[in-house]
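Chains as they are written, first to last, in this note's numbering: chain D, 224 to 569; chain V, 224 to 569.
Don't be surprised by glycine CBs; every beta carbon is placed ideally from N, CA and C.
Notes follow the structure.
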């Protein structure tokens, strides 16, 4: 959620940005279907000011595709396992097309059964998690998702990194307002934000990570080069990160964050793990007035003095982007042109 | 999870403690069925060394029953809403008997549908949350539960308390070992632990709470008397606490933590809210080997240097209690005798 690099910014219509990203994905080995899903996802993050998951990610996507680590043309295999359980084998491709392939079946099950779960494995997730849950809230459903990533977080009380940044995302409808959405790494900071701080030469607050010797550091480069992140909130954040490993990997049949070996694929950046999505139909409960109640919660939060609710900043940035075009730094826009022109990543 | 009060301790067989607690619950207005459920719950907490939810809670239960705030004889009404959705109206009684009444139907649905949800409303939860989820893990299922409580936590960035301590509990089976279980308040500290610190005259670490003026304090009495707790982990813990309000109250049809008015019931201590329990059958997923995979996670956590996993301390205390009897301070044991003898709470 960091700011884009300093320097001149261009404003690009969302459709144009999305088309450009889709061309890049296709040029570097994605099928049209996969490219469309990833381009929409990445452009949405840029649109919402979630820059660590926007255009910033494109070189990583391209270098990963070039490395042969991920299959950009994988066709996900959806299995209807049980009345409220859908399983997807992403076949070594990205998680977002796997979700897209299973989404209609999942929502049918939720409407029928009241709750349903989507278990994706053999998948790569390199994006923000909120785009996976927010659309369910727009349909009046409540969604919770977890995805594990790659070893870079030292469990609370341990000596060595084990967990991924293992985010948890949640979305719920809210009457007359944008959905309530949050997407939080269970690490003290998201990996992309550490990368952005390193690129911009910024220091981090204390408590975010350790260096290669396991000593606390505020230098993002020391965290990225042999160091590790810490969980947020001590033993509690650490327990949640462990839960994400269990739900996203053990339960789906995906890899734990430490289980995949990408050493034979230089340039690979995407964790090969799993993802779990739980969706609930609140109209089934006594709380049929869910969206009204959710609105009442928001009003109380404002009364208690909260100036900004989870997700609000993104929706505000989105409104600006829709009016004026999506902000992309000139440097990034030129980078996209190079990615489109070249066979190799930047 | 604090230590019992200092001073002499008696060791009581679990069955004897449970029977004593059941007698007390019945003496103060609980039906036999409700008393049995609550006594088993409270005795288990004491057995596991989870003292803030053990015998320590009994005067609060009794004063609440005496105040007329909760119906100790309520018969929960279970509704089979959808193939994976069960709703319970606890009818102003306790949440644990509501869970007990719906449990068989819930597990049937989980086995059939792969996932199911139990939405309890019009309920009082005054106990630890792990006893609600741990038994599912013992049956090979994965369970997640949230319950909201009563306004005592200032949302991150707000000026006034709004949320409850709003715990999240999780349980998963683990091959050859006790289940992996955690139960965490989304506040920086559980309310019961603040009460125990106040009773024992201890100071709290910084960051736990604020006094009546909203200023940071380490004095547990200042937090309890007009002050408030803070969420754990800043804005992330705060977002999770908000999620608990949405799931446990808005979605179930229960009260938000700030909605009930017990001012006409002096002595009432139990929050009148809601509870959500999500249970998943991991055998439905590609991860059919769930318990083996969960064991692999535990082994990696030990290798990474973790000396204690979530729930381990409780299981160790449990083993001692099973061998030597459950530790209860002499003072608490005498307190139980007085509760049994009197019509009024201590």
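Check your understanding: Under three-state DSSP, which class holds residue 555 of chain V?
Key -> helix
Could you tell me the alpha carbon to alpha carbon distance between residue 494 of chain V and residue 482 of chain V, rounded to whole angstroms? 10 angstroms
Worksheet item: Along the stretch 392-423 of chain V, what residues have a CB closer than 9 angstroms to any CB found in chain D?
Response: The stretch 392-423 of chain V vs chain D, Cβ under 9 angstroms: 393, 395, 403, 405, 407, 408, 409, 411.
Give every residue of the same chain whose Cβ lies closer than 7 angstroms to the Cβ of residue 352 of chain D, excluding the five residues on either side of it in the sequence, and list them in chain order.
368, 370, 390, 392, 406
Q. What residues in the stretch 445-459 of chain V have a beta carbon less than 7 angstroms from any beta carbon of chain D?
A. 455, 456, 459
In whole angstroms, what is the alpha-carbon distance linking residue 515 of chain D and residue 538 of chain D? Each residue's alpha carbon lies about 20 angstroms from the other.
Quick one: measure Cβ to Cβ for residue 509 of chain V and residue 344 of chain D, integer angstroms, because I've assumed they're closer than 8 angstroms. In this structure, residue 509 of chain V and residue 344 of chain D form a Cβ contact; the two beta carbons are roughly 5 angstroms apart against a cut-off of 8 angstroms.
Query raised in the report: Helix, strand or coil: which one does DSSP assign to residue 353 of chain D?
Result: helix
Query raised in the report: Do you know how far the Cα of residue 283 of chain V is from the Cα of residue 237 of chain V?
Result: 21 angstroms
Three-state secondary structure assigned by DSSP to residue 568 of chain V: Its pLDDT being 48, under 50, residue 568 of chain V is placed unreliably by the model, and the measurement read from it follows with that caveat. Assigned with DSSP and collapsed to three states, residue 568 of chain V falls in coil, not helix or strand.
| Which residues, in chain order, does the stretch 496-516 of chain D contribute to contact with chain V at a C-beta distance below 7 angstroms? | 501, 503, 505, 507, 508, 509, 510, 513, 516
>> Just to confirm, is the Cβ distance from residue 500 of chain V to residue 356 of chain V under 9 angstroms?
In response: Yes.
Exercise for the section: Indicate whether at least one CB of chain D lies closer than 9 angstroms to the CB of residue 468 of chain V. Expected result: Yes, its Cβ sits closer than 9 angstroms to a Cβ of chain D.
query = Mind checking residue 225 of chain D: buried by the 16 CB within 10 Å criterion, or exposed?
reply = Confidence in residue 225 of chain D is poor, its pLDDT being 45 and thus under 50, which makes the residue's placement unreliable; the coordinate value appears in the next sentence. Result: buried.
- Message: Just list the residues that DSSP pairs residue 386 of chain V with in beta bridges.
- Response: V:376
- Task: Taking residue 505 of chain V and residue 474 of chain D to be in contact with their CB atoms under 8 angstroms, please state how far apart those CB atoms are, rounded to whole angstroms.
- Result: 5 angstroms
Next item on the list: Report the three-state DSSP secondary structure of residue 271 of chain V (helix, strand or coil).
Entry: coil
Apart from the five residues on each side of it in sequence, which residues of its chain come closer than 6 angstroms, Cβ to Cβ, to residue 568 of chain V? In this prediction, residue 568 of chain V has a pLDDT of 48, which is less than 50 and means its spatial position is unreliable; what the coordinates show is noted afterwards. Cβ within range, chain order: 282, 285, 286, 289.
_With three or more beta-carbon pairs closer than 8 angstroms as the criterion, would you say the stretch 268-277 of chain V touches the stretch 328-340 of chain V?_
The answer is no - the stretch 328-340 of chain V does not touch the stretch 268-277 of chain V, with fewer than three Cβ pairs under 8 angstroms.
message: So the candidates are V:455, V:306, V:318; which of them puts its Cα closest to the Cα of residue 332 of chain V?
response: V:306
- Determine the closest residue to residue 560 of chain D out of D:231, D:426, D:313, D:244, with distance taken between C-alpha atoms. D:244
Distance CB(residue 349 of chain V)-CB(residue 461 of chain V) smaller than 9 angstroms: Their beta carbons are not under 9 angstroms apart, which means residue 349 of chain V does not touch residue 461 of chain V by this criterion.
Going by Cα to Cα distance, which pick from V:459, V:463, V:422 is closest to residue 445 of chain V?
V:422
Report task. Express the C-alpha separation of residue 437 of chain V and residue 382 of chain V in angstroms, rounding to a whole number. Result -> 7 angstroms
Checklist line | Neighbouring residues, chain V, relative to residue 267 of chain D (Cβ below 8 angstroms) | finding: Near residue 267 of chain D there are no residues of chain V at all, since even the closest Cβ is about 20 angstroms away, more than 8 angstroms.
Along the stretch 288-312 of chain V, what residues have a CB closer than 8 angstroms to any CB found in chain D? 304, 305, 306, 307, 308, 310, 312
Handout entry: Cβ distance (whole Å) where residue 553 of chain D is taken to contact residue 232 of chain D below 8 angstroms
Key = 7 angstroms
Subject >> Same chain, Cβ closer than 6 angstroms to residue 555 of chain D, five either side skipped, listed in chain order >> reply: Take residue 555 of chain D, set aside five residues on each side of it, and the residues of its chain with a beta-carbon closer than 6 angstroms to its own are 278, in chain order.
| said: If I follow the unbroken beta strand (DSSP E) through residue 498 of chain V, where does it start and stop? | reply: For residue 498 of chain V, the enclosing beta strand (DSSP E) covers residues 495-503.
Burial state of residue 497 of chain D (16 or more Cβ within 10 Å) = buried
Q. Of the choices D:427, D:377, D:340, whose alpha-carbon is the least far from that of residue 366 of chain D?
A. D:340
Q) Counting only runs that start and end within the stretch 272-343 of chain D, where is the beta strand (DSSP E) found for 3 or more residues in a row? A) Taking only runs of at least 3 residues, the beta strand (DSSP E) segments lying wholly in the stretch 272-343 of chain D are 300-305, 308-317.
| said: Just to confirm, is the Cβ distance from residue 293 of chain V to residue 301 of chain V under 9 angstroms? | reply: With a cutoff of 9 angstroms on beta-carbon distance, residue 293 of chain V and residue 301 of chain V are scored as not near each other.
**Where residue 428 of chain V falls, given that 16 or more other Cβ within 10 Å makes a residue buried** = exposed
Discussion item. Just list the residues that DSSP pairs residue 395 of chain D with in beta bridges.
Written reply: D:403
| Can you give the beta carbon distance from residue 395 of chain V to residue 534 of chain V, rounded, assuming they're within the 8 angstroms contact cut? | That belief does not hold up - the Cβ atoms of residue 395 of chain V and residue 534 of chain V are roughly 10 angstroms apart, past 8 angstroms.
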